[in-house]
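Below is one structure, written out as C-alpha cells; comments come after it.
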Amino acid sequence: MADTEKSEASDNKPQTRLDADVDCPSAVETSAEEAKDPDVVDFDGPNDPENPMNWSSAKKTAAIAIVSLMTLLSPIGSTISSAAASDIMEHFHSANESLEAFVTTIFLLGYTFGPIVIAPLSELYGRALLYQVCMVLFIIFNVACAVANSLGSLIVFRFLAGIAGSCPVTLGTGSIADMIPREKRAGAMAAYVVGAVLGPSIGPICGGYLTPAAGWRWNFWLMAIASGVMTVVVFLFVRESYPYVIQKRKTERLRKQTGNPSLRSALDTGKTPRELFAFSILRPLKMLLSPIVFMLSLYAAVVYSYLYLCFTTFPLVFGGQYGFGSGASGLATIGLGVGSLVGVFFCGAVAEKLSNYLTEKNGGEPKPEYRFPTLAVGGFCVPIGLFWYGWAAESKAHWIVPIIGTSFLGAGMIITYMASTMYLVDAYTVYAASVTAASTIFRCLFGALLPLAGNAMYSALGVGWGTSVLGFIAVAFTPLPFIFYIYGQRIRETKRFKVEF
Numbered sequence: 001m002a003d004t005e006k007s008e009a010s011d012n013k014p015q016t017r018l019d020a021d022v023d024c025p026s027a028v029e030t031s032a033e034e035a036k037d038p039d040v041v042d043f044d045g046p047n048d049p050e051n052p053m054n055w056s057s058a059k060k061t062a063a064i065a066i067v068s069l070m071t072l073l074s075p076i077g078s079t080i081s082s083a084a085a086s087d088i089m090e091h092f093h094s095a096n097e098s099l100e101a102f103v104t105t106i107f108l109l110g111y112t113f114g115p116i117v118i119a120p121l122s123e124l125y126g127r128a129l130l131y132q133v134c135m136v137l138f139i140i141f142n143v144a145c146a147v148a149n150s151l152g153s154l155i156v157f158r159f160l161a162g163i164a165g166s167c168p169v170t171l172g173t174g175s176i177a178d179m180i181p182r183e184k185r186a187g188a189m190a191a192y193v194v195g196a197v198l199g200p201s202i203g204p205i206c207g208g209y210l211t212p213a214a215g216w217r218w219n220f221w222l223m224a225i226a227s228g229v230m231t232v233v234v235f236l237f238v239r240e241s242y243p244y245v246i247q248k249r250k251t252e253r254l255r256k257q258t259g260n261p262s263l264r265s266a267l268d269t270g271k272t273p274r275e276l277f278a279f280s281i282l283r284p285l286k287m288l289l290s291p292i293v294f295m296l297s298l299y300a301a302v303v304y305s306y307l308y309l310c311f312t313t314f315p316l317v318f319g320g321q322y323g324f325g326s327g328a329s330g331l332a333t334i335g336l337g338v339g340s341l342v343g344v345f346f347c348g349a350v351a352e353k354l355s356n357y358l359t360e361k362n363g364g365e366p367k368p369e370y371r372f373p374t375l376a377v378g379g380f381c382v383p384i385g386l387f388w389y390g391w392a393a394e395s396k397a398h399w400i401v402p403i404i405g406t407s408f409l410g411a412g413m414i415i416t417y418m419a420s421t422m423y424l425v426d427a428y429t430v431y432a433a434s435v436t437a438a439s440t441i442f443r444c445l446f447g448a449l450l451p452l453a454g455n456a457m458y459s460a461l462g463v464g465w466g467t468s469v470l471g472f473i474a475v476a477f478t479p480l481p482f483i484f485y486i487y488g489q490r491i492r493e494t495k496r497f498k499v500e501f
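Mapped onto the UniProt record's numbering, the consecutive letters of the sequence shown carry residue numbers 1 to 501.
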C-alpha cells in the first residue's frame, strides 16, 4: 500500500480531481496552471488507455485475480507450520512451548516490518517490480526453511519469508484502488479479502496432513513449489498499475523522444528518492498518534491476534480434549474459514447498503462514521464465538460444537477488520495507504506476540476460563463502535486530535 505526497494539496492552487481514488497516487490531481503547462506530462485525457482505470474488464479481472492468489499463498505460509510445530521442536530437541508457538508467529513479525520498507519502495519503483522481487525472495526463504539445520536458523528464515510474503498484503488494496473506481470497489475488495482470510485456515490443514506423511520440511518445500509457479505467472502477466510510476516512465520516454529535459510528471512531488522514502516510512507511525486510528487499530489487532492464538493452540485443545491427530487438528480450522467467508459476504452485501441508507436518512451527506454499525455486528460476534468455543471444548461437547463457535469468531474477526479498514480509508482518504499500513503493522505485531502465551494460559486456567479471559477483553471493546458513531466526527475534526503529516 503506497501513497505519494503528490496527492496532498500541498499548495493553495485550485485542484481538478480527475480520478477520485482512495490510494493517493491514483487520485490524479493537477492544477489548472499545470494543465496548461506544456512541460507537464499527464494522462492523455480521461480515456487514456495507459490509465489503469481505463483497462479492459478482462485485464482488470486478471490483475486482481493474480494479486488475490498471491495474497492467498502468503497467509498459507504463515500458518502451515502450526500443525507441524511439535514435530519441529522434537527434531531440534526443544520442549519450550513459547518457542513452539513462535516458530509459527515469527512469520507475522515479518508482516509487521515488511510494509515499513515495501510501501515506500513501491512509491519509487512501482508495484509490479516489488511483486516480482518479493515472490522470488519468498521462494528463496522457504527453501532455506526447508533445509534449515537449526531452530534458530529456521526462525530467522521464517521471519524473512514473512517480510517477503507481506508484499501482496501491503500493496494489494492499492493495486485494486489503481484500477477500480470507488463506487465499484467494495465487490473487488471482498474478492481480494477472500484469499487473505482463507489462507490462514488452509495452512494448518495442509501442514496437518503433509507432516505425518512426508515430514515437516515438506511444508516449506510445498510453499516453495507453489510460490515458484505463482512467480512465473507474476513475471508473465502482472503489469504496472501505479499511476505515479506510469507517468514517471512516460515522462522519461518523452524526454528521450523530444530531447526536452524540462518535462516533468504531473504527479512529481519535487522530492528526491531519499526524501520520498524517509517521508513515507514515518507517516504510518505518526498516524497512530490519532486516537481514532490508534483505538481502531488496537481493536483490530486484538481480534486478529485471537485468530492466530487459535491456530497455535488447536493442536493442544483438540488433541488434549478430543484426541485429534495433527491432520484432524488442522481440519478444526474449517470453522474459522467458513466464518471468515460469511463475514466477507456480509460486509460485501450489507456494509455499502447500510452506509448509503444512513447517508440518505441523514441529509445525503456521506460520513465515514456510517461504517460503525457494521463494526458493531463484528464486535458482538467475537465474544460470542470465544465463549461458545471455550466452554464447549471445556465441557467436551461433541467436537463440532466448539468448531461452530469458532465460526462466529472468524466472522467477527473479518467483519471487524473490513469495517475498521473501510472507515479508516473513508476518513483519511488522502492518507489511505499510510493509515492502512499503520493498522497492519499494529495488527500483525499483536498477532505475532499474543499467541506465545496461549499454551501457558490454557495450562494454567483451562480452555474454558482461558478463552473467557479473551472474551471479556472483546466485550470491553464492544462500546467502541457506538462511541465513535456518535463522537467520531467531532474527534476527527478537533484540532487537538489532528496529527500533522
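Even for Gly, the Cβ is constructed at its ideal location relative to N, Cα and C.
Predicted, not measured: the structure shown is a model, and the values here were computed from it.
Measure from the alpha carbon of residue 190 to the alpha carbon of each residue in 252, 260, 101 and 352, then state which is nearest. Of the candidates 252, 260, 101 and 352, the residue whose Cα lies closest to the Cα of residue 190 is 352.
The alpha helix (DSSP H) that contains residue 504, what's its start and end?
Here the chain covers residues 1 to 501 and nothing more, so residue 504 does not appear.
Residue closest to residue 280, alpha-carbon to alpha-carbon, out of 336, 126 and 120
120
(message) Please return the same chain residues whose Cβ sits closer than 7 angstroms to the Cβ of residue 313, not counting the five positions on each side in sequence.
(response) 454, 455 and 458
Worksheet item: Could you give the distance in angstroms between the alpha-carbon of residue 370 and the alpha-carbon of residue 132?
Response: 38 angstroms
* Excluding sequence positions up to five away, which residues of its chain have a Cβ less than 6 angstroms from the Cβ of residue 471? -> 383, 386 and 387
Open item on the list: Suppose you measure from the CA of residue 76 to the CA of residue 157; what does that come to, to the nearest Å?
Closed with: 16 angstroms
Taking contact to mean 3 or more Cβ pairs, one atom from each stretch, closer than 8 angstroms, check whether the stretch 474 to 483 and the stretch 343 to 362 are in contact.
With a cut-off of 8 angstroms, the stretch 343 to 362 and the stretch 474 to 483 do not count as touching, because too few Cβ pairs lie within range.
### Task
If I'm right that residue 63 touches residue 175 with Cβ under 8 angstroms, what's the distance once you round it to whole angstroms?
7 angstroms
Exercise for the section: Give the secondary structure of residue 238 by DSSP, where H, G and I count as helix, E and B as strand, and everything else as coil. Expected result: coil
task: Between the Cα of residue 38 and those of 263, 465 and 302, spot the shortest distance and give me the residue it belongs to.
output: 263
Worksheet item: Where do the ends of the alpha helix (DSSP H) carrying residue 371 lie?
Response: Where residue 371 is concerned, there is no enclosing alpha helix (DSSP H), given that its DSSP letter is neither H nor E.
Host alpha helix (DSSP H) of residue 161 (start-end) = 151 to 179
Cβ distance (whole Å) where residue 303 is taken to contact residue 416 below 8 angstroms
5 angstroms
Q) So does the stretch 153 to 169 actually touch the stretch 93 to 112, counting three or more Cβ pairs closer than 8 angstroms? A) yes
Review point. Around the Cβ of residue 393, are there at least 16 other Cβ atoms within 10 angstroms (buried) or fewer (exposed)?
Key: buried
- With a threshold of 16 other CB atoms inside 10 Å of the CB of residue 82, please say whether the residue is buried or exposed. By the 10 Å Cβ count, residue 82 comes out buried.
Practice task
Just the C-alpha distance for residue 24 and residue 425, rounded to the nearest angstrom, thanks.
Solution key: For residue 24, the pLDDT reaches just 40, beneath the cut-off of 50, and the residue's location in the model is therefore unreliable, leaving the point undetermined.
* What distance in whole Å lies between the Cβ atoms of residue 441 and residue 168, which are believed to be in contact at a cut-off of 8 angstroms? -> With a contact defined as Cβ atoms closer than 8 angstroms, residue 168 and residue 441 miss out at about 16 angstroms.
Inset, instruction - Note down, in chain order, each residue of its chain lying with its Cβ closer than 7 angstroms to the Cβ of residue 138, except the 5 sequence neighbours on either side. - result: 161, 164, 165 and 227
With a threshold of 8 angstroms, are at least 3 pairs of Cβ atoms found where one atom belongs to the stretch 329 to 343 and the other to the stretch 229 to 238?
no
- residue 252 - containing alpha helix (DSSP H), residue span: 243 to 258
Go ahead and label residue 98 buried or exposed: buried means 16 or more other beta carbons lie within 10 angstroms of its beta carbon, across all protein chains shown.
Residue 98 is exposed by the Cβ-count criterion.
Can you check which of these residues, 95, 237 and 147, is closest to residue 221 by C-alpha distance? 147
Practice task
Could you give the DSSP three-state label for residue 396: helix, strand or coil?
Solution key: coil
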